[in-house]
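In my numbering, the protein residues as written are 2 to 480.
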């Protein structure tokens, strides 16, 4: 028995090794599902995503890949709920097209015809059409309408009301600028024309007919929802469950869904499921690039499979502070991919790679530029902390030397500390282009290590500056 116990493992190992050699000689390749799983695992390794739910649709077959945990610590499944962020826009556009099919709305109707209360401090606003709102060519811009105000509006009605004193950055229909407010206006159109709340309309007219029983929506990006765990902040591979950043998401990013339901949504958009819900012409219009809209259609974008390739697929991503996702399909081959994650990252890269792998196109190597950025920020924060703490501790010695010097040159000696102190609150303006407490809050959610560095400069710099001045004053009294 002892000899057999030694013999069989060795024979088994030899057989496996022989099988591998034969497979290599015969040109064997890993099955598609194994490659898809490897791509998902590589993505998690690169971006540190705690939970990922992905699917590849190829004809009648659906391959699902789930990994990791949700914000409550439970294993991710195909029924785990995720915020899908800006992928919600495809559903808002579809809701408008349902009203178009019912002759309640026309894409070229002026918005003011449908929303009599819609006003702006710019006469050009009367020319904005429904099509321009859905294609981001309305002329609305973050330059004239800051979308990151706190507290955020609580619903589509309030979003529209807050536009009363805003202006446009361009003539309607002349240029494209991605602006979430466009889709909150579209949500308000759905509410006014249908006489129901936006969420109620989506549930009854889209989600229920398509069997998307785990899908709903919220007005605020951080609103609580049944069965929705928290997302994660991930910094240098460390994941921490965190609340979502407050913001208005009605119409533009408030949908919560599951992998199972999103598979249904993609199949509907491919025209292979729920064909009686929307006319073929309206479905095609959703995926058609609009005039002056760049690569944008209606809640969808035309995009390439690789950076140097022409547009060949239709997709849309979604990004919040603690949730990201992406969906993409090839009209030519019918292959589609969906990725949902409960943290930051670049899910569009993963979904495109999943699709490319399935149709035999080259995949793109994955790398996370924030790894280097965060490492540098952590190093800068540690270095700045050491320098400023040293300045605080040695303030008395510094003050004594200045008092003893023939020419103290106090102001020039304090300028570096003053600059460091000022650097803290103004550094985010290099990213956002304007000073605002709103952008400070956004920075804290999206780049927490940058916020920590800024806070270190501001607080410790001010303490060091104040202590040097106080010690200099005391040294003069003692003298």
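Built from N, CA and C at the ideal position, the CB exists for glycine as well.
Given the structure is predicted, the values throughout are model-derived calculations rather than measurements.
Span of the alpha helix (DSSP H), counted from its first residue to its last, around residue i
i: residue 61; result: Residue 61 -> no alpha helix (DSSP H), and no H or E assigned at all.
i: residue 430; result: 430-433
i: residue 185; result: 182-195
i: residue 234; result: Per DSSP, residue 234 belongs to no alpha helix (DSSP H); it is in the beta strand (DSSP E), 232-236.
i: residue 416; result: 411-427
i: residue 444; result: 438-447
i: residue 97; result: 89-102
i: residue 251; result: That residue, residue 251, is in no alpha helix (DSSP H); it is neither H nor E in DSSP.
i: residue 161; result: 157-162
i: residue 298; result: Neither: residue 298 is in no alpha helix (DSSP H) and is coded neither H nor E.
i: residue 397; result: 396-405
Residue i and residue j closer than 8 Å at C-beta
i: residue 325; j: residue 76; result: no
i: residue 265; j: residue 213; result: yes
i: residue 444; j: residue 429; result: yes
i: residue 354; j: residue 365; result: yes
i: residue 153; j: residue 230; result: no
i: residue 356; j: residue 336; result: yes
i: residue 192; j: residue 223; result: no
i: residue 369; j: residue 53; result: no
i: residue 451; j: residue 379; result: no
i: residue 215; j: residue 145; result: no
i: residue 72; j: residue 232; result: yes
i: residue 56; j: residue 338; result: yes
i: residue 462; j: residue 412; result: no
i: residue 439; j: residue 181; result: no
i: residue 240; j: residue 344; result: yes
i: residue 161; j: residue 118; result: yes
i: residue 130; j: residue 110; result: yes
i: residue 188; j: residue 157; result: yes
i: residue 414; j: residue 407; result: no
Reduced DSSP secondary structure (H/G/I, E/B, other) of residue i
i: residue 76; result: strand
i: residue 131; result: helix
i: residue 258; result: strand
i: residue 391; result: helix
i: residue 477; result: helix
i: residue 201; result: helix
i: residue 341; result: strand
i: residue 111; result: strand
i: residue 382; result: helix
i: residue 106; result: coil
i: residue 263; result: helix
i: residue 323; result: coil
i: residue 282; result: helix
i: residue 26; result: Below a pLDDT of 50, predicted positions are generally treated as unreliable, and residue 26, at 39, falls in that range; the measurement from the model is reported next regardless. Residue state, collapsed to three classes: helix.
i: residue 463; result: helix
i: residue 290; result: coil
i: residue 408; result: coil
i: residue 151; result: coil
i: residue 310; result: coil
i: residue 471; result: helix
i: residue 482; result: Look at the range of the chain in this structure, 2 to 480, and you will see that residue 482 is not part of it.
i: residue 374; result: helix
i: residue 84; result: strand
Cβ-Cβ separation, residue j to residue i (assumed contact under 8 Å), whole Å
i: residue 322; j: residue 447; result: 6 Å
i: residue 142; j: residue 293; result: Actually they are not in contact, since the Cβ atoms of residue 142 and residue 293 sit about 14 Å apart, beyond 8 Å.
i: residue 208; j: residue 251; result: Going by Cβ atoms, the distance from residue 208 to residue 251 rounds to 16 Å, so no, they are not a contact pair.
i: residue 279; j: residue 190; result: Not really, about 17 Å apart at Cβ, beyond 8 Å.
i: residue 69; j: residue 84; result: About 16 Å separates the two Cβ atoms, so there is no contact after all.
i: residue 257; j: residue 219; result: 7 Å
i: residue 382; j: residue 453; result: 6 Å
i: residue 314; j: residue 304; result: 6 Å
i: residue 98; j: residue 286; result: 7 Å
First and last residue of the uninterrupted beta strand (DSSP E) at residue i
i: residue 361; result: No beta strand (DSSP E) contains residue 361, which DSSP labels as neither H nor E.
i: residue 304; result: 302-304
i: residue 221; result: Segment: none, residue 221 is in no beta strand (DSSP E) and carries neither H nor E.
i: residue 240; result: 239-243
With 16 other Cβ atoms within 10 Å as the buried cut-off, status of residue i
i: residue 90; result: buried
i: residue 137; result: buried
i: residue 471; result: exposed
i: residue 51; result: buried
i: residue 331; result: buried
i: residue 112; result: buried
i: residue 135; result: buried
i: residue 477; result: exposed
i: residue 306; result: buried
i: residue 431; result: exposed
i: residue 175; result: exposed
i: residue 173; result: buried
i: residue 42; result: exposed
The ligand ADP heavy atom lying under 7 Å from the CB of residue i
i: residue 89; result: The ligand ADP is absent from the structure shown, which contains no ligands of any kind.
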